[in-house]
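S.K.:
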Amino acid sequence: QLERVGFIGLGNMGYHMAKNLITAGYKVTVHDINDNTMKKFSEKGVPTKETPCQVAESSDVIITMLPTSSNVLDVYFGQNGLIESQNHLSPWLFIDSSTVDPQTSRKISMSISKCHLKEKKGYVEKPIMLDAPVSGGVPAAEAGTLTFMVGGLEAAYLAAEPLLLAMGKRTIYCGGSGNGAAAKICNNLAMAISMIGVSEAFALGQNLGIRASTLTNIFNSSSARCWSSDTYNPVPGVMPGVPSSRNYDGGFASKLMAKDLGLAITSAAEVGLESPLTSKAHNIYKRLCEKGYDSKDFSCVFRHYYSGKDE
Ligand code: NAD
Numbered sequence: 036q037l038e039r040v041g042f043i044g045l046g047n048m049g050y051h052m053a054k055n056l057i058t059a060g061y062k063v064t065v066h067d068i069n070d071n072t073m074k075k076f077s078e079k080g081v082p083t084k085e086t087p088c089q090v091a092e093s094s095d096v097i098i099t100m101l102p103t104s105s106n107v108l109d110v111y112f113g114q115n116g117l118i119e120s121q122n123h124l125s126p127w128l129f130i131d132s133s134t135v136d137p138q139t140s141r142k143i144s145m146s147i148s149k150c151h152l153k154e155k156k157g158y159v160e161k162p163i164m165l166d167a168p169v170s171g172g173v174p175a176a177e178a179g180t181l182t183f184m185v186g187g188l189e190a191a192y193l194a195a196e197p198l199l200l201a202m203g204k205r206t207i208y209c210g211g212s213g214n215g216a217a218a219k220i221c222n223n224l225a226m227a228i229s230m231i232g233v234s235e236a237f238a239l240g241q242n243l244g245i246r247a248s249t250l251t252n253i254f255n256s257s258s259a260r261c262w263s264s265d266t267y268n269p270v271p272g273v274m275p276g277v278p279s280s281r282n283y284d285g286g287f288a289s290k291l292m293a294k295d296l297g298l299a300i301t302s303a304a305e306v307g308l309e310s311p312l313t314s315k316a317h318n319i320y321k322r323l324c325e326k327g328y329d330s331k332d333f334s335c336v337f338r339h340y341y342s343g344k345d346e
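Each residue of the sequence shown is one higher than the last, beginning at 36 in full-length UniProt numbering.
Have a look at this one:
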């Protein structure tokens, strides 16, 4: 019998992930602070709850997919939260798939490990938390082809794998608590800097008279080749089907990239590491957001930061 899953945070990503779980046969209960989103589920006969606490009461596993660390802390520890002043919990497993800093994941995991189960579930003695952020974006969430980077107890990861594979195509075990979150912010840090690097190089190339399509051919068969040049090219017209070919709509919002770079900076500071390029990239994305491009795909850094068009 498939487990009862409580899903909290039904936005761009969570909406599709919850739907895929329902399609796979899980008994899903949902919660979001947005009533319109909740309505989309209740109209289809999916149980909706007013608070995270109520979701926890009717679930074996909880999945959260929320924007920021503070939203996640709120859902766990806030009023009527998942573990607000409770010591005995119904769910045996808590999975946070939001992109947050590893310190937040570890803090929640620690609190969960101090709780008890209302009823013992199989071999599990105490409730467990996994951090399991994703890559792949909205199209992969919809298609059920996300990649999960998972931190926490390995036995819990193995037990959770079938559930994660109902929403994704791949899971990677990253080690102890917080390591999934760490992997995710490191990935996005490198992705932001490489996107900025490619954009800066293309802006220079164009100003020196090289066509973007020619420079793309050269990059993709030379040492500058990377995901930002061969899969997600930021220059409009070079590649079909990517955000740059549709006015940077859809994709991964600049404000989320700014948030993730902020997480990387906080984490680097906590471990005493210098991260000058992360700080520079963070400033660039913050500036794009201030200019009103916060909801545009992060590859818009080429058009709106470097080429200076429609400033
Ligand atoms: P989103 O803003 O579209 O959705 C978040 C949902 O959470 C919204 O429906 C919102 O109403 C709800 N919410 C916020 N606070 C809440 C609270 N306190 N209680 C209940 N519900 C609450 O965000 P998204 O694009 O779905 O992203 C979710 C997470 O996944 C983020 O951490 C993001 O960085 C990460 N992520 C996003 C993408 C992407 O391409 N969008 C890709 C990978 C990872």
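The C-beta atom is built at its ideal place from N, Cα and C for all residues, glycine as well.
Just so you know, these numbers come straight off a predicted model, no measurement behind them.
Name the two residues that bound the continuous beta strand (DSSP E) containing Cys209.
M.R.: 203-210
S.K.: Considering only the beta carbon of each residue, do Asp295 and Gly215 sit closer than 7 Å?
M.R.: no
S.K.: With a threshold of 6 Å, establish whether the CB of Cys126 neighbours any heavy atom of the ligand NAD.
M.R.: Reading the sequence as shown, one finds Pro at residue 126 and not Cys. Checking every heavy atom of the ligand NAD against the Cβ of Pro126, none is found closer than 6 Å.
S.K.: If you compare alpha carbons, which of Lys219, Met145, Lys204 is closest to Met52?
M.R.: Lys204
S.K.: Hey, is Gly49 close to the ligand SAH, as in C-beta under 6 Å from one of its heavy atoms?
M.R.: The ligand SAH is not among the ligands present in this structure, which contains only the ligand NAD.
S.K.: Could you tell me if the beta carbon of Asn55 falls within a distance shorter than 6 Å of some heavy atom in the ligand NAD?
M.R.: A distance criterion of 6 Å places the beta-carbon of Asn55 beyond contact range of the ligand NAD, judged by its closest non-hydrogen atom.
S.K.: How many angstroms separate the CA atom of Gly213 from the CA atom of Leu243?
M.R.: A direct Cα-to-Cα measurement between Gly213 and Leu243 gives close to 45 Å.
S.K.: Kindly list the residues whose CB is nearer than 6 Å to the CB of Ser77, restricted to its own chain and excluding five residues on each side of it in sequence; keep chain order.
M.R.: Thr83
S.K.: Using the C-alpha atoms, what's the distance from Ser280 back to Ser334?
M.R.: 11 Å
S.K.: Would you tell me roughly how many angstroms separate the C-alpha atoms of Gly44 and Thr251, rounded to the nearest one?
M.R.: 38 Å
S.K.: Using only the alpha-carbon positions, how far apart do Thr284 and Ser330 sit?
M.R.: The sequence given here places Asp at residue 284; Thr does not occur at that position. Taking the straight line joining both Cα atoms gives about 8 Å.
S.K.: In or out: Met145 buried (at least 16 other Cβ within 10 Å) or exposed?
M.R.: exposed
S.K.: Rounded to a whole number of angstroms, what is the C-alpha to C-alpha distance between Arg338 and Gly232?
M.R.: 13 Å
S.K.: Could you check whether the segment 62-77 touches the segment 127-145, counting it as contact only if at least three pairs of C-beta atoms, one from each stretch, sit closer than 8 Å?
M.R.: no
S.K.: Would you list the residues sitting across from His66 in a DSSP beta bridge?
M.R.: According to DSSP, His66 shares a beta bridge with Ile43.
S.K.: With 16 other CB atoms within 10 Å as the buried threshold, where does Tyr267 fall?
M.R.: buried
S.K.: Pop quiz: Ala247 and Val277 are said to be a contact at Cβ under 8 Å. What is the actual Cβ separation, rounded to whole angstroms?
M.R.: Not quite, the Cβ-Cβ distance comes to about 13 Å (not below 8 Å), so this is no contact.
S.K.: If we ignore side chains and look at the alpha-carbon of each, how far apart do Asn318 and Ala227 end up?
M.R.: 12 Å
S.K.: Just mark Asp345 as buried or exposed, buried being the case when its beta carbon has 16 or more other beta carbons within 10 Å.
M.R.: Confidence at Asp345 is low in this model, with a pLDDT of 47, below 50, so its placement is unreliable and the value that follows should be read with caution. Its Cβ having fewer than 16 others within 10 Å, Asp345 is exposed.
S.K.: Please report the residue range of the alpha helix (DSSP H) in which Val306 lies.
M.R.: First-last for Val306: undefined, no H or E at that position.
S.K.: Is the Cβ-Cβ distance between Phe287 and Gly113 less than 7 Å?
M.R.: no
S.K.: For a test of your reading of the model: does the CB of Ser302 fall under 6 Å from any non-hydrogen atom of the ligand NAD? Yes or no.
M.R.: no
S.K.: Measure the C-alpha to C-alpha separation of Asp265 and Asn255 and round it to an integer number of angstroms.
M.R.: 6 Å
S.K.: Can the beta-carbon of Val90 be found less than 7 Å from the beta-carbon of His66?
M.R.: yes
S.K.: List the endpoints of the continuous beta strand (DSSP E) containing Val185.
M.R.: 181-186
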